[in-house]
């Protein structure tokens, strides 16, 4: 095959991805090799590729390809999540465009629409991942609502219920009024809000109010006494059933035993006492709304208060409120403030900064709500999941997330696992009337099994008498089983695949789902497999733009990943992502990094074409080439050891930089220059076979080292190195390097010295405007410690000769490398006129600079008031400039004498 003159990513990428698929090169089956297993964090089934996916899946693919090349049986399992809330919202929105409401449909009919939507849009993101080069075993693609995963979820629910770990009860939950479903605590995001603090007047019923203690703060106007309550949520006063004060609060002692009237509502409520109240907040008086605040609910239970739920499920005001019925809660907040002002019941309004909980799914403010829900007891699971992470049986990268994990588990709350949705795994609970005529419930995997259980309580029951729970399970209740369920380890716990592939090796995910997913998978692993689900967890950072803003559609600062791939090629984009992606730190993404990646592709391509274009001959290997081959062989082995250590430490970004520098700096800039053919009469001479074969071998190994990061270009070039058989691929080629030799370190260090010598000679050329083709002489003063490498120095610096002299000549340019001094005699090589002009320009600049400094130092105000260190720094600049000016004047005089 002939190599194209320019690298075309689109042609190369489509060709090789199809080749990999056709030859089943991503496929994995249990065998005698060490398994390396990764399960993809399943993206939403109807989602599309974004920059976070790009980063996460690039890292996974690098790890998988690296393991595959180590000879491991790499298995990367792809799949998608049914995403109950997000998907149902999309389906509801789609139906609304057709004038259809969800409530107009039966559950079965709605689910038909949901499945149609899923089949139409589901899997798009997985196809997009192929563009990135992801080497998933696509035959293993799983979906959290496919038959195997669904059976697993139901089986686990029933098992945990039978163990007494799942219960149903009325609890205060986080309610999403837009999605109209309960949320777990982890699905609430707290944001800083610029709010208002409303000070409301609650008139005191009793008229015999009096000063009780010194320090009482009593409020009175023409209508009588009143207490003041500060609240950020005046719209909830219709649910007030008490006012609470702290018994130790001196300023409110006068309110003890009193009753107050809820503003506008007119309801009389008692003043109760509890140390829960913060004396310092507001006025120290707290309105208690047991149905709409978790802490108020606790007070209500403790003090036997009435509970009034004033909100409908959609966030509008309910009939129970008696006021503003049917209006949206946020509209009511604005209106009630006006009405309270008009009624003389608003003391004042202040600006107030506080944290407000928002739904992670719909981004609307959540509403605390008393609701009958299903819960999973979590203390049992926390006890299972905390020790293995703290002891590093499961290792986190970076380690800092261990503390985040520990804090959550040590303060764990029961998990609300029910959702008021139709799209999802329907809870397998069945209601019926028992023999005593009371509503009862059983939990079973199937209707038939439920009927058998129910008949034990009422032998006359039939299937039609059972009513299944309408709620679905939280989406995370399926994905917490993911590492087990993708290998059918719940339904068939001893099958060949789960025994071989589990536990998995690495998990790559974002720290934002450490509670949602990571911790819960660990819990499920120990509950159902008695061991960890993965050995290592690599936490990626958040992808931000170069200004530090999180990338999002709303900000319009997130590029389209597919457009980036089209513009820079997948390898270029992968490199651009990884150059800025240290583990756990936010990624400041800049598109110029993708351009750098594309440039690196071109560098590799051109270097390969250069080498393949050389003619070879059966000639003796020059000393320069022999030394170059020996050096680069040693360097390759040294860097490979460093590279493997970086992979072990999950320093993936550093690993890429290591191999990047090896190729660009050492191989291209130095090695190829050392061995490149000479020219005779304008024609390139052939290179010896020995050097050429070594160079091709180095290229082969470099491509293998680069492959996990840049799979497409490395496959293309590897296939061009030599004739390959059908089905062969670089991804299954192992990197085979000999063990380091005793003298490897010596030659590596020696060549570093050689580079410094060559670099200094090149600097002399630049400074003295000497053309690169002009042959120079290098003098080693006293001795030449690097004489063994003269052949390389002569070629790389374009020298006529290297001499050892006792003293340097007067017309030379000198430099030090370590403790050794070298000189380059200049003689007639210097353009004296040009050198004088250059020196005089520099002199003019320095004299102007000195004038400015002296002007500043001549300012008595500056010298008297500037910090001593600043003045000293200016005086140092003055003395340095004087020395440089004197030296330049001397140089100019000497040049004029020539």
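Residue numbers (our numbering): 1322 to 2219. Glycine included, every Cβ here is placed at the ideal spot set by N, Cα and C.
Exercise. Counting Cβ pairs closer than 8 Å, one from the region 1563–1583 and one from the region 1538–1548, do we hit at least three?
Worked result: The answer is yes - the region 1538–1548 touches the region 1563–1583, with three or more Cβ pairs under 8 Å.
Exercise. In whole angstroms, what separates the C-alpha of residue 1949 from that of residue 2086?
Worked result: Spanning the two alpha carbons is a distance of roughly 24 Å.
Exercise. Should the region 1525–1533 be called in touch with the region 1578–1588, which here means at least 3 C-beta pairs below 8 Å?
Worked result: Flag = yes, the region 1525–1533 and the region 1578–1588 touch.
Problem set entry | Outcome for residue 1495 when other beta-carbon atoms lying within 10 angstroms are tallied against a minimum of 16 | Residue 1495 comes out buried.
Problem set entry | residue 1750 to residue 1484 span [Cα, whole Å] | Going from the Cα of residue 1750 to the Cα of residue 1484 covers about 15 Å.
Exercise. Where do the ends of the beta strand (DSSP E) carrying residue 1524 lie?
Worked result: Unbroken beta strand (DSSP E) run through residue 1524: 1509–1525.
For this session: Ignoring anything shorter than 3 residues or poking outside the region 2140–2209, list the beta strand (DSSP E) runs there in chain order.
Result: Unbroken beta strand (DSSP E) stretches of 3 residues or longer found wholly inside the region 2140–2209: 2141–2146, given in chain order.
Exercise. What did DSSP end up calling residue 1935 once you bin it into helix, strand or coil?
Worked result: In the three-state scheme derived from DSSP, where H, G and I count as helix and E and B as strand, residue 1935 is classed as coil.
Exercise. If we ignore side chains and look at the alpha-carbon of each, how far apart do residue 1560 and residue 1794 end up?
Worked result: Whole-angstrom Cα-Cα distance: 30 Å.
Exercise. Which runs of the beta strand (DSSP E) fall wholly inside the region 2020–2074 and span at least 3 residues, in chain order?
Worked result: Taking only runs of at least 3 residues, no beta strand (DSSP E) segment lies wholly in the region 2020–2074.
Exercise. Residue 1825 and residue 1860: beta carbons closer than 7 Å?
Worked result: Against a cut-off of 7 Å, the Cβ pair of residue 1860 and residue 1825 comes out as no contact.
For this session: Note down the Cα distance separating residue 1633 from residue 1426, rounded to an integer number of angstroms.
Result: Their backbone Cα atoms lie some 21 Å apart in a straight line.
Exercise. Cβ atoms of residue 1406 and residue 1500: under 7 Å apart, would you say?
Worked result: Yes, the pair counts as a contact, with Cβ atoms nearer than the cut-off.
For this session: Kindly identify the DSSP beta-bridge partner or partners of residue 1640.
Result: Paired residues: none, contrary to the question.
Exercise. Going by C-alpha distance, which of 1558, 1601, 1615 is nearest residue 1589?
Worked result: Residue 1589 has its Cα closest to that of 1558, out of 1558, 1601, 1615.
Exercise. When you compare only the Cα positions, how much space is there between residue 2137 and residue 2078?
Worked result: Just so you know, the alpha carbons of residue 2137 and residue 2078 end up roughly 9 Å apart.
Exercise. With a cut-off of 8 Å, do at least 3 Cβ pairs link the region 1401–1415 to the region 1741–1758?
Worked result: The region 1401–1415 makes contact with the region 1741–1758: 3 or more CB pairs, one atom from each, lie closer than 8 Å.
Exercise. How about the region 1753–1764 and the region 1773–1787: do they share at least three Cβ pairs that are nearer than 8 Å?
Worked result: A contact exists between the region 1753–1764 and the region 1773–1787.
Problem set entry | Per DSSP, cross-strand counterpart(s) of residue 1411 | Residue pairing for residue 1411: DSSP places it in no beta bridge.
Exercise. Can you tell me whether DSSP reads residue 1655 as helix, strand or coil?
Worked result: Of the three classes helix, strand and coil, the one that applies to residue 1655 here is helix, per DSSP.
Exercise. Start and end of the alpha helix (DSSP H) containing residue 1377?
Worked result: Residue 1377 -> alpha helix (DSSP H) spans 1372–1390.
Problem set entry | Closer than 6 Å: residue 1601 CB and nearest the ligand MN heavy atom | In the structure on display, the ligand MN does not appear, and there are no ligands present to speak of.
Problem set entry | Alpha-carbon spacing of residue 1323 relative to residue 1985, whole angstroms | Their backbone Cα atoms lie some 24 Å apart in a straight line.
For this session: Could you say which of 2186, 1504, 1878, 1935 lies nearest to residue 2010 if we only look at CA atoms?
Result: Selected option, being the one with the closest Cα: 1935.
Exercise. What first and last residue would you give for the beta strand (DSSP E) that runs through residue 1496?
Worked result: Boundaries of the beta strand (DSSP E) around residue 1496: 1487–1497.
For this session: Mind the definition here: the region 1476–1483 touches the region 1506–1518 only if three or more C-beta pairs lie below 8 Å; say whether that holds.
Result: In short, these stretches do not touch, since the Cβ pair count stays below three.
For this session: Name the residue from 1675, 1809, 1506, 1772 whose alpha carbon lies nearest to the alpha carbon of residue 1696.
Result: Out of 1675, 1809, 1506, 1772, 1506 has the C-alpha closest to the C-alpha of residue 1696.
Exercise. What is the DSSP secondary structure of residue 1616, counted as helix, strand or coil?
Worked result: Residue state, collapsed to three classes: helix.
Exercise. Alpha carbon to alpha carbon, what distance is there between residue 1439 and residue 1725?
Worked result: Here the C-alpha atom of residue 1725 lies approximately 35 Å from the C-alpha atom of residue 1439.
Problem set entry | Per-residue burial, residue 2100 [other beta carbons within 10 Å of its own, 16 or more giving buried] | Answer is buried; the Cβ neighbour count reaches 16.
Problem set entry | Alpha-carbon spacing of residue 2172 relative to residue 1926, whole angstroms | The C-alpha of residue 2172 lies about 53 Å from the C-alpha of residue 1926.
Exercise. Are the region 1896–1916 and the region 2010–2027 in contact at 8 Å, needing three or more beta carbon pairs?
Worked result: Fewer than three pairs of CB atoms, one per stretch, sit closer than 8 Å, so the region 1896–1916 makes no contact with the region 2010–2027.
For this session: Under 7 Å Cβ to Cβ from residue 1706, same chain only, skipping five residues before and after it: list those, please.
Result: The answer, listed in chain order, is 1730, 1840, 1843, 1844, 1847.
For this session: List in chain order: all unbroken alpha helix (DSSP H) runs of 4+ residues lying wholly within the region 1852–1940.
Result: Segments of the alpha helix (DSSP H) lying fully in the region 1852–1940: 1882–1889, 1891–1899, 1912–1933.
Problem set entry | Distance, residue 2089 Cα to residue 2209 Cα | Taking the straight line joining both Cα atoms gives about 15 Å.
Exercise. For residue 1291, does the count of other Cβ atoms within 10 angstroms reach 16, so buried, or fall short, so exposed?
Worked result: The question about residue 1291 has no answer here: the residues shown for the chain are numbered 1322 through 2219.
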